[in-house]
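Asker: Let me begin by handing over the structure; questions about it come next.
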Amino acid sequence: MPRYPQRDAELFRLQEKQKKCQAERKALAIRIEELDREIAEVQAEYGAVYNEPAPFLTLSTEVTCLIFDFMVAAGFITTGETLTDQDKRQFLSEVIVSQVCRQWRSISLAYPALWTHFCHDGPRASRVPLDRFDAYLERSASQPLELWFDFRGSADREWTLDGQLALFQRSIPAIARWKCFTVLSDPTTPVDTLLSEMASLSAQNLEHFVFRPNLEANTDDSSASSIQDFAMKKDLETTVFKNGAPKLKSLTLDCSSVAYTCLPPLSNITTLRLEAPYSDSGTIFSWAAFREILSISSLENLSLVGPVLEDLDFGFHPVELITMNSLKHLRFGNLAPLWLPFLRAPLLATLIIRKCWMPNIFGYHERLQAEPYAFPALQSLYLLETSAQTLQMAHYFARMTGLATDIAFSQETDTDSFSSFVLEQDEDLNETYWTKAVQITSNSNRVDFHRIVRFVRARRTNNITLRIIEQNAMSWIDGHSLLPNQYKELTEICTLEILHDKNIDNALWKRHWQFGGYRSGRPMEDDSEDLFAME
Numbered sequence: 002m003p004r005y006p007q008r009d010a011e012l013f014r015l016q017e018k019q020k021k022c023q024a025e026r027k028a029l030a031i032r033i034e035e036l037d038r039e040i041a042e043v044q045a046e047y048g049a050v051y052n053e054p055a056p057f058l059t060l061s062t063e064v065t066c067l068i069f070d071f072m073v074a075a076g077f078i079t080t081g082e083t084l085t086d087q088d089k090r091q092f093l094s095e096v097i098v099s100q101v102c103r104q105w106r107s108i109s110l111a112y113p114a115l116w117t118h119f120c121h122d123g124p125r126a127s128r129v130p131l132d133r134f135d136a137y138l139e140r141s142a143s144q145p146l147e148l149w150f151d152f153r154g155s156a157d158r159e160w161t162l163d164g165q166l167a168l169f170q171r172s173i174p175a176i177a178r179w180k181c182f183t184v185l186s187d188p189t190t191p192v193d194t195l196l197s198e199m200a201s202l203s204a205q206n207l208e209h210f211v212f213r214p215n216l217e218a219n220t221d222d223s224s225a226s227s228i229q230d231f232a233m234k235k236d237l238e239t240t241v242f243k244n245g246a247p248k249l250k251s252l253t254l255d256c257s258s259v260a261y262t263c264l265p266p267l268s269n270i271t272t273l274r275l276e277a278p279y280s281d282s283g284t285i286f287s288w289a290a291f292r293e294i295l296s297i298s299s300l301e302n303l304s305l306v307g308p309v310l311e312d313l314d315f316g317f318h319p320v321e322l323i324t325m326n327s328l329k330h331l332r333f334g335n336l337a338p339l340w341l342p343f344l345r346a347p348l349l350a351t352l353i354i355r356k357c358w359m360p361n362i363f364g365y366h367e368r369l370q371a372e373p374y375a376f377p378a379l380q381s382l383y384l385l386e387t388s389a390q391t392l393q394m395a396h397y398f399a400r401m402t403g404l405a406t407d408i409a410f411s412q413e414t415d416t417d418s419f420s421s422f423v424l425e426q427d428e429d430l431n432e433t434y435w436t437k438a439v440q441i442t443s444n445s446n447r448v449d450f451h452r453i454v455r456f457v458r459a460r461r462t463n464n465i466t467l468r469i470i471e472q473n474a475m476s477w478i479d480g481h482s483l484l485p486n487q488y489k490e491l492t493e494i495c496t497l498e499i500l501h502d503k504n505i506d507n508a509l510w511k512r513h514w515q516f517g518g519y520r521s522g523r524p525m526e527d528d529s530e531d532l533f534a535m536e
């Protein structure tokens, strides 16, 4: 091979020059990193000196931690208004306080209680934040954990499935610290795997458990979890946390799909929600299994929505009276409450019924007296789009709830509604219902206002507050629905409170079903609130 001394020398020189440049670049990169660190340190020192007069930095660590606690309790969440739609995200309160200044960061990272709330919002996430979850687990030390996993609606399934399982599995070693655990999912979520993982676990400190698989029976997705259209739950056999969950007091199950495979120990439950709000199929509890539920002595709050109970012919089926000495709050939705006349609940204070139909067999049974049992402690009665087949059924129910003091009606139509049946005193029966009422709320623009006047007049000594929507109020004031003298009489015998259209739901349901459940301030699991809103 021929040799070219001059060429070889030039190549060698260039190689050496390249190595020298690369070394200089590496040294400069190292120096830039050093300068970046120095700049950050100087900025931190500058900020510390600059912030010395700031009053909030002179507070003790204990007081600063109290500020952090209030911030988390208030669910402080804000959205980056200046970000693009692609980059908008939620800022978590614990992350915010750890970025304010060096002093707050030092205090926040050393304060375990600040890192006990972990929220994975799958529909908005671009990835499963395993690193953030690891950091929360470490920083929370031995504190009880509140975990909220929303696995719904993630577009990129490739990372979602593995990430969901990894996130869940990383939480298992800390199960002794679970206080609140929520799982929301869709057909792409490996629900069966999650349930099998939870089957034999022991959750000794778990207090609140929410499981909403939200699966669709007609999915064409071959990779979705296997599901059934219908299942009858004949007993209350435990299927998850079989090794114990002695502190579990609040349970929410979506029964529209596979919830029948997810039943934890119920012996100490105080709040139970069995709901299938958007389904005509799913889990149905047999009457025997439901009676077991009603026999739980600690049960205080019960919510039933959708077809979650066996369709029983109460007219012919032998039914015994049901005594629930601890029950305080009861809610029905899209479900015939035929067992309600059999209920004996001396502490029942709240009864909410939405989109329920009371047929002519309501209250008719050989075990029942002609005069119905009236709930002695009832205070609040909310009837939303609820109808009765006959006037007699409506009056029977009115006598059952006759001691209520706070009554609300919401009706889209006046046909067969309670507002049409009961607001008008029936002269033939010579009875007056709800004689203890002190507050009446109605958002219907179809109600007969003359009936309301008669209703209030019959109870004028109660000093009733009548809450009506703005549209009705304007109609009354303008004389379109009431004569001027009738409107004047109404203002004399009761207090009128006008609910403005924009905030009617907040005004009516400010304390709506906040009984015994868990609310962390996050955009949490309670989708069913909308089911009971007054529209």
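Heads up, the sequence shown is in our numbering, so the first residue is 2 and it goes up one at a time.
Here a beta-carbon is modelled for each residue, glycine too, at the ideal position from N, C-alpha and C.
Hey, which unbroken runs of the beta strand (DSSP E) at 3 residues or more fall wholly within the region 261-346?
Answerer: 272-276, 283-286, 302-306 and 330-334, all fully within the region 261-346.
Asker: Which stretch, first to last residue, makes up the beta strand (DSSP E) that contains Arg26?
Answerer: Sequence index remark: in the sequence shown, residue 26 carries index 25 (1-based). That residue, Arg26, is in no beta strand (DSSP E); its alpha helix (DSSP H) goes Pro6 to Tyr51.
Asker: My output table needs one value for Leu84: the three-state DSSP class, helix, strand or coil.
Answerer: Translated into the one-based positions of the sequence shown, residue 84 becomes position 83. The pLDDT assigned to Leu84 is 36, lower than 50, so where the model puts this residue is not dependable; a value taken from the coordinates is nonetheless given after this. In this structure, Leu84 counts as coil in the three-state DSSP scheme.
Asker: Is the beta carbon of Asn244 less than 8 Å from the beta carbon of Ser203?
Answerer: The residue given as residue 244 occupies position 243 in the sequence shown. The residue given as residue 203 occupies position 202 in the sequence shown. In this structure, Ser203 lies closer than 8 Å to Asn244 by Cβ.
Asker: By Cβ distance below 7 Å, which residues in the same chain neighbour Val98 in space, the five residues on each side in sequence not counted?
Answerer: Within the sequence shown, the letter at position 97 stands for residue 98. Phe69, Met72, Trp105 and Ser109.
Asker: The beta strand (DSSP E) spanning His121 covers which residue range?
Answerer: As a first step, residue 121 must be located in the sequence shown, where it is residue number 120. Counting along the chain, the beta strand (DSSP E) containing His121 begins and ends at His118 to Asp122.
Asker: Output the boundary residues of the beta strand (DSSP E) element that contains Cys181.
Answerer: Counted from its first residue, the sequence shown places residue 181 at position 180. Cys181 -> beta strand (DSSP E) spans Trp179 to Leu185.
Asker: Secondary structure at Phe242, three-state DSSP: helix, strand or coil?
Answerer: Walking along the sequence shown from the start, residue 242 turns up at place 241. Correct three-state label for Phe242: coil.
Asker: Reducing DSSP to helix, strand and coil, say where Lys234 ends up.
Answerer: Translated into positions along the sequence shown, residue 234 becomes position 233. Correct three-state label for Lys234: strand.
Asker: Helix, strand or coil for His209 per DSSP?
Answerer: Position 208 of the sequence shown holds residue 209. His209: strand per DSSP, three-state reduction.
Asker: Using only the alpha-carbon positions, how far apart do Glu42 and Ala136 sit?
Answerer: Along the sequence shown, one-based indexing puts residue 42 at 41. Along the sequence shown, one-based indexing puts residue 136 at 135. Their backbone Cα atoms lie some 23 Å apart in a straight line.
Asker: Using only alpha-carbon positions, find the residue among Glu139, Pro174 and Val129 that is nearest to Asp151.
Answerer: Locating residue 151 in the sequence shown gives position 150, where the first residue counts as 1. Ranking the options by Cα distance to Asp151, first place goes to Val129.
Asker: Thinking C-beta only, is Phe182 closer than 8 Å to Leu207?
Answerer: Looking up residue 207 in the sequence shown gives position 206. Looking up residue 182 in the sequence shown gives position 181. Contact flag set, yes.
Asker: How would you call Asp187, buried or exposed, if buried means at least 16 neighbouring beta carbons within 10 angstroms?
Answerer: Mapped onto the sequence shown, residue 187 falls at position 186. Flag for Asp187 reads buried.
Asker: To the nearest angstrom, report how far apart Ser251 and Lys489 are at their CA atoms.
Answerer: For the purposes of this step, residue 251 is taken as residue 250 along the sequence shown, with counting starting at 1. For the purposes of this step, residue 489 is taken as residue 488 along the sequence shown, with counting starting at 1. Cα to Cα, Ser251 sits roughly 49 Å from Lys489.
Asker: To the nearest angstrom, how far is the alpha carbon of Ser540 from that of Val96?
Answerer: The requested residue 540 does not occur in the structure, where the chain is confined to residues 2 to 536.
Asker: Do His118 and Glu147 count as a contact pair if the criterion is CB distance below 8 Å?
Answerer: Counted from its first residue, the sequence shown places residue 147 at position 146. Counted from its first residue, the sequence shown places residue 118 at position 117. In contact: Glu147 and His118 (Cβ atoms closer than 8 Å).
Asker: Considering Cα atoms alone, identify which of Glu198, Pro360 and Trp116 is closest to Arg171.
Answerer: Translated into positions along the sequence shown, residue 171 becomes position 170. Cα-wise, what sits closest to Arg171 is Glu198.
Asker: From the DSSP output, which residues share a beta bridge with Gln440?
Answerer: Taking the first residue of the sequence shown as 1, we reach residue 440 at position 439. DSSP lists Asp407 and Thr466 as partners of Gln440.
Asker: Who does Ala136 pair with in a DSSP beta bridge?
Answerer: To locate residue 136, count along the sequence shown from 1; it is residue 135. Note: Ala136 sits in no beta bridge, so no partner.
Asker: On the three-state DSSP scale, how would you describe Trp477?
Answerer: Taking the sequence shown and counting its residues from 1, the one referred to as residue 477 is at position 476. Helix.
Asker: Taking C-beta to C-beta, are Leu249 and Pro265 nearer than 8 Å?
Answerer: The count along the sequence shown starts at 1 and reaches residue 249 at position 248. The count along the sequence shown starts at 1 and reaches residue 265 at position 264. Cβ atoms of Leu249 and Pro265: closer than 8 Å.
Asker: To the nearest angstrom, how far is it from the Cα of Met401 to the Cα of Thr462?
Answerer: Along the sequence shown, one-based indexing puts residue 401 at 400. Along the sequence shown, one-based indexing puts residue 462 at 461. Spanning the two alpha carbons is a distance of roughly 22 Å.
Asker: Within 10 angstroms of its Cβ, does Thr62 collect 16 or more other Cβ (buried), or is it exposed?
Answerer: Translated into positions along the sequence shown, residue 62 becomes position 61. Burial call: exposed.
Asker: For Ala389, does the three-state DSSP call read helix, strand or coil?
Answerer: In the sequence shown, counting from the first residue as 1, residue 389 sits at position 388. Note: Ala389 maps to strand in three-state DSSP.
Asker: Could you compute how far the alpha carbon of Cys22 sits from the alpha carbon of Gly164?
Answerer: Position 21 of the sequence shown holds residue 22. Position 163 of the sequence shown holds residue 164. Cα-Cα distance, rounded: 43 Å.
Asker: Quick check on Trp105: does DSSP put it in helix, strand or coil?
Answerer: Locating residue 105 in the sequence shown gives position 104, where the first residue counts as 1. Helix at Trp105.
Asker: Near Ala350, which residues of its chain fall below 8 Å by C-beta distance, leaving aside the five closest residues on each side in sequence?
Answerer: In the sequence shown, residue 350 corresponds to position 349, counting from 1. Lys329, His330, Ala378, Leu379, Gln380 and Ser381, listed in sequence order.
Asker: Of all the options Ala459, Phe286, His501 and Arg458, which has the alpha carbon lying nearest to the alpha carbon of Asn473?
Answerer: On the sequence shown, residue 473 is found 472 positions in, with the first residue counted as 1. Closest by alpha carbon: His501.
Asker: Between the Cα of Pro174 and those of Ala28, Gln205, Thr496 and Leu60, spot the shortest distance and give me the residue it belongs to.
Answerer: In the sequence shown, counting from the first residue as 1, residue 174 sits at position 173. The candidate whose alpha carbon is nearest that of Pro174 is Gln205.
Asker: Secondary structure at Leu131, three-state DSSP: helix, strand or coil?
Answerer: As a first step, residue 131 must be located in the sequence shown, where it is residue number 130. Leu131: helix per DSSP, three-state reduction.
Asker: Could you tell me which of Ser287, Met359 and Trp149 sits nearest to Gly123, measuring between CA atoms?
Answerer: Reading the sequence shown from its first residue, position 122 is the one you call residue 123. Closest option to Gly123, Cα to Cα, is Trp149.
Asker: For Arg355, which of helix, strand or coil comes out of DSSP?
Answerer: In the sequence shown, residue 355 corresponds to position 354, counting from 1. Looking at Arg355 - three-state DSSP - the assignment turns out to be strand.
Asker: Quick one: grab the DSSP three-state call for Thr161.
Answerer: Looking up residue 161 in the sequence shown gives position 160. Looking at Thr161 - three-state DSSP - the assignment turns out to be helix.
Asker: Output the boundary residues of the alpha helix (DSSP H) element that contains Thr492.
Answerer: Translated into positions along the sequence shown, residue 492 becomes position 491. Thr492 -> alpha helix (DSSP H) spans Pro485 to Ile494.
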